[in-house]
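Below: the structure, in structure tokens.
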Amino acid sequence: MSKDIATRVATGVQALALPGQREAWQAQHRGSLLNDAQTYDALADAIQADLKARRLDGDLPWGISAAARARKRVKPLREAARAMRQAARAINGTVAAYEETQPEAVVRRREDKALRKAQRKAQLGAVAHNSAQATLQRLAPGEGEEAPAGEPKLLGDFFGKQQRGA
């Protein structure tokens, strides 16, 4: 039995490593797990209906006790079906992990990240350069004799001359 499990594990790992076989492995295992979940749900429905129909002495009227007893007895089957669906989702996550860790994909993501970082740095450098240029221009020596060197401009100088009391 352990040899069979070891063979199945080795085959599964080999299938996950090859992109062409990865989808087939995923479909096969997901399909079998979802099929098992459907089987457990159908079995739970049948057992619950059968137990619900059985009335015992001392049950409450309208079948409330029988329904509660039936739900209680099929709960493990419902949990097993839920576990099968969760395992099918885990299969998808496993395949996604193999796809994300492919060397080509990792290199491409890292190159894209470095490119975006360089673009952001260039944009910030341009903004800083423009800000520094504006500051230097504002603090530059006056162009005429009436404007002394280093005189700060007023806020109104940036918006043009406005007439007062017009």
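Taking the numbering used here, the leading residue of the sequence shown gets 3, the next gets one more, and so forth.
All C-beta atoms in this analysis are idealised placements derived from N, C-alpha and C, irrespective of residue type, glycine included.
All figures in this text were calculated on a predicted structure; none of them were measured in a lab.
Within 8 angstroms, strictly: CB atoms of residue i and residue j
i      : j     : result
Ala46  : Arg80 : yes
Ala107 : Leu35 : no
Leu53  : Ala70 : no
Ala17  : Gln23 : yes
Minimum C-alpha distance to residue i - residue among the options
i     : options                        : result
Val76 : Ala124, Ala29, Arg110, Gln50   : Gln50
Asn94 : Arg110, Thr13, Trp27           : Trp27
Ala83 : Lys123, Thr41, Gln30           : Thr41
Ala19 : Ala134, Glu101, Arg118, Glu106 : Glu101
Met86 : Pro21, Arg112, Arg32, Ile66    : Arg32
Val97 : Pro78, Pro21, Thr9, Thr137     : Pro21
Ala39 : Ala134, Arg56, Ala124, Gln88   : Gln88
Val15 : Ala99, Pro105, Ser133          : Ala99
Three-state secondary structure (DSSP) of residue i
i      : result
Leu126 : helix
Leu20  : coil
Thr9   : helix
Gln28  : helix
Thr103 : coil
Asn37  : helix
Val15  : helix
Ala168 : Unreliable positioning characterises Ala168 in this predicted model, as indicated by a pLDDT of 49, which lies under 50. The coordinate reading is nonetheless provided below. Three-state result, Ala168: coil.
Residue i Cβ short of 7 angstroms to the ligand PLP heavy atom set
i     : result
Glu25 : Because no ligand of any kind appears in the structure shown, any question about the ligand PLP cannot be addressed here.
Practice prompt. Go through the region 46–78 residue by residue and report every complete run of the beta strand (DSSP E) that reaches 3 residues or more, in order.
Written response: Entirely contained in the region 46–78, not one beta strand (DSSP E) run reaches 3 residues.
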